[in-house]
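Chemist: Could you have a look at this structure, given as structure tokens, before my questions?
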Amino acid sequence: MAALSPAQALTAARRVVVKIGSALLVQGGRLRGAWLAALAQDVAALRGQGADVVIVSSGAIALGRGVAGLSGALALEQSQAAAAIGQIRLARAYEEVLAPHGITTGQVLLTLDDTQDRRRYLNSRSTLGTLLALGAVPIVNENDTIATDEIRYGDNDRLAASVAVTVGADLLVLLSDVDGLYTANPQTDADARHLARVDRITPEIEAMAGAPVSGLSRGGMQTKVMAAKTAVSGGCAMLIADGRAAHPLAGLREGARATLFAAQGDPRSARKRWIAAMKPRGVVHVDAGAVRALGQGKSLLPAGVVRIEGRFGRGDPVTIAGPDGTLGQGLAGYASDEARAIAGRHSREVEAVLNYPGRVALIHRDEMAL
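Take 4 as the starting number for the sequence shown in the numbering used here and just add one per residue.
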């Protein structure tokens, strides 16, 4: 998306993650039902153009505190209780506005740690990928009932960026109460200029970020720029846009002002670079047939494995080696003990060996860099 405008980036995207801030969803402790219904129409339009959509939603605490009658600054345990009350209502609200468009929703509760721990990352990636393959729109909520860092530090923008990289999105849209990045705080500096595009995040760009200005939303421009660094390095472009008016995504397609952070490459190549840069924890030796299959872009099945070397857990990086030497690296779909047990076995035998169904691939093609 190197030369695209915000409108063109949204139109061209094949997989979009939309982050919705608390201040957009909740006013006075109540859900903005009409606004959410309009957003659902925008999501349906994106789906109609052939794009997968993931929604990362804040708002559980803001909604739950209104239901619970909590006011003022909340203690951590009060915030977590408010999140528990708000999450179920938030999930129901998304289901109710998207169902009329024939869209199935699935709730996924994550914390930032879930996208940074390799094993939980693989589980999250698999679940989200399966939901998208089924045609559903995942509604990702920050799991504030158990998380503390997101509540304290407003990391939900960064969570959205991590989700975007996890699912291989080519565009992340942060809908907030500001229409992009400015050279200074436009509320206090009349000379502040809006930046329509950021091709590279420099120290000067980072210095332009200010503090949060909304009472309900904790994610200020600093966290948005941090999110942009995560997204663009993972091959995902990012938009910061004002979402307060109805149909914010349609507005973007029609040319509404926003800031576009250009991606560095594409999600697939960025992911392969990330995998290739890891320090391997073991070696998976494969036969000549597996080498040919990998060369055709296929996953590594247990039947093609001849030997496992080293000790590693599921999600750990491993070297893939053929009869003639190293082929590349991948993220293991099984821990080393299980991998040894099923090496050389047909996929239909895995359940009998491990006493659970298991996975078809020992290393999935999307989890390797050859």
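The C-beta atom is built at its ideal place from N, Cα and C for all residues, glycine as well.
Would DSSP call Tyr185 helix, strand or coil?
Modeler: If DSSP states are grouped into helix, strand and coil, Tyr185 belongs with the strands.
Chemist: Assign Ala230 to one of two classes, buried (16 or more other C-beta atoms within 10 Å of its C-beta) or exposed (fewer than that).
Modeler: Answer is buried; the Cβ neighbour count reaches 16.
Chemist: Label Pro305 either buried or exposed according to how many other C-beta atoms from any shown protein chain fall within 10 Å of its C-beta, with 16 as the threshold for buried.
Modeler: When all chains shown are included, Pro305 counts as buried.
Chemist: What distance in whole Å lies between the Cβ atoms of Arg310 and His288, which are believed to be in contact at a cut-off of 8 Å?
Modeler: Correct: roughly 4 Å between the Cβ atoms.
Chemist: Ignoring anything shorter than 4 residues, give me the alpha helix (DSSP H) runs that lie fully in the segment 63–96, in order along the chain.
Modeler: Fully enclosed alpha helix (DSSP H) runs of 4 or longer: 63–71.
Chemist: Pro206: buried (16+ other C-beta within 10 angstroms of its C-beta) or exposed?
Modeler: Label assigned to Pro206: exposed.
Chemist: Using only the alpha-carbon positions, how far apart do Trp277 and Val70 sit?
Modeler: Those two C-alpha atoms are separated by around 43 Å.
Chemist: Less than 8 Å between C-beta atoms, sequence neighbours within five positions excluded: which residues of the same chain meet that for Leu184?
Modeler: These residues qualify, in order along the chain: His197, Leu198, Val201, Ile208, Met211, Ala212, Met224, Lys227, Val228, Ile243 and Thr262.
Chemist: How many whole angstroms separate the CB atoms of Asp45 and Arg17, which I take to be in contact at a CB cut-off of 8 Å?
Modeler: Contact doesn't hold; Cβ gap of about 17 Å is too wide.
Chemist: Suppose only complete runs of 4+ residues qualify. What are the alpha helix (DSSP H) ranges in the segment 282–329, listed by chain order?
Modeler: 291–298, all fully within the segment 282–329.
Chemist: Between Gly109, Ser61, Ala102 and Thr107, which has its C-alpha nearest Gly89's C-alpha?
Modeler: Measuring from the Cα of Gly89, the nearest candidate turns out to be Ser61.
Chemist: Hey, out of Asp182, Glu352 and Leu330, whose CA is closest to Pro360's CA?
Modeler: Selected option, being the one with the closest Cα: Glu352.
Chemist: Among Ala163, Gln190 and Gly171, whose alpha-carbon lies nearest the alpha-carbon of Leu178?
Modeler: With distances taken between Cα atoms, Leu178 lies closest to Ala163.
Chemist: Give every residue of the same chain whose Cβ lies closer than 6 Å to the Cβ of Tyr124, excluding the five residues on either side of it in the sequence, and list them in chain order.
Modeler: Result list for Tyr124: Thr118, in chain order.
Chemist: Ordered along the chain, which non-local residues of its own chain (more than five positions away) have a Cβ less than 6 Å from that of Arg362?
Modeler: Here the set comprises Gly336.
Chemist: Going by C-alpha distance, which of Gly258, Gly238 and His349 is nearest Phe264?
Modeler: Of the listed residues, the one whose Cα sits closest to Phe264 is Gly238.
Chemist: Is Ile323 near Leu330, with beta carbons less than 8 Å apart?
Modeler: Contact: yes.
Chemist: What is the residue span of the beta strand (DSSP E) that Leu241 lies within?
Modeler: It is worth fixing the name first, because residue 241 is Met in this sequence and not Leu. Run containing Met241: Ala240 to Asp245, per the beta strand (DSSP E) assignment.
Chemist: Which term fits Gln267, buried or exposed, when burial requires 16 or more other beta carbons within 10 angstroms of its beta carbon?
Modeler: Its Cβ being crowded by 16 or more others within 10 Å, Gln267 is buried.
Chemist: Go to Ala364, then tell me how far its alpha helix (DSSP H) extends in each direction, as first and last residue.
Modeler: Element bounds for Ala364: n/a, residue is neither H nor E.
Chemist: In this structure, how does DSSP classify Glu257 when only helix, strand and coil are distinguished?
Modeler: Looking at Glu257 - three-state DSSP - the assignment turns out to be coil, as it is neither helix nor strand.
Chemist: Using three-state DSSP, classify Val126 as helix, strand or coil.
Modeler: Per the sequence shown, residue 126 should be read as Asn rather than Val. Looking at Asn126 - three-state DSSP - the assignment turns out to be helix.
Chemist: Which value, in whole angstroms, describes the spacing of the CA atoms of Gly218 and Val170?
Modeler: The pLDDT assigned to Gly218 is 39, lower than 50, so where the model puts this residue is not dependable; a value taken from the coordinates is nonetheless given after this. Roughly 31 Å separates the two Cα atoms.
Chemist: Using CA atoms only, rank isn't needed, just tell me which of Leu365, Asp327, Pro326 and Gln332 is closest to Ile345.
Modeler: When each option's Cα is compared against that of Ile345, the closest is Leu365.
Chemist: Along the alpha helix (DSSP H) that carries Gly51, what are the first and last residues, could you check?
Modeler: Gly36 to Gly51 is the span of the alpha helix (DSSP H), which, as asked, contains Gly51.
Chemist: Residues in its own chain within less than 6 Å of Ser302 by CB, not counting five upstream and five downstream?
Modeler: Closer than 6 Å at Cβ, skipping near neighbours: Ala364, His367 and Arg368.
Chemist: I'd like to check one pair, Gly316 with Ala338: are the Cβ atoms closer than 8 Å?
Modeler: The answer is yes: Cβ separation under 8 Å.
Chemist: How would you call Gly24, buried or exposed, if buried means at least 16 neighbouring beta carbons within 10 angstroms?
Modeler: Gly24 is buried by the Cβ-count criterion.
Chemist: From the DSSP output, read off the bridge partner residues of Asp55.
Modeler: Arg18, per the DSSP bridge assignment.
Chemist: Where does Val353 sit, in a helix, a strand or coil, going by DSSP?
Modeler: Val353: helix per DSSP, three-state reduction.
Chemist: Let's see if you can read the secondary structure: which residues bound the alpha helix (DSSP H) around Gly165?
Modeler: According to the sequence shown, residue 165 is Ser rather than Gly. Per DSSP, Ser165 belongs to the alpha helix (DSSP H) from Asn159 to Thr169.
Chemist: Buried or exposed: which applies to Ser272, given that a residue is buried once 16 or more other Cβ atoms fall within 10 Å of its Cβ?
Modeler: Per the 10 Å Cβ criterion, exposed.
Chemist: Do Pro320 and Lys2 count as a contact pair if the criterion is CB distance below 8 Å?
Modeler: Residue 2 lies beyond the stretch modelled for the chain, which goes from 4 to 373, so this question has no answer here.
Chemist: Would you call Ala37 buried or exposed, if buried means 16 or more other Cβ atoms sit within 10 Å of its Cβ?
Modeler: Exposed is the call here.
Chemist: Leu134 to Gly258, Cα distance in whole Å?
Modeler: Cα to Cα, the separation comes out at about 31 Å.
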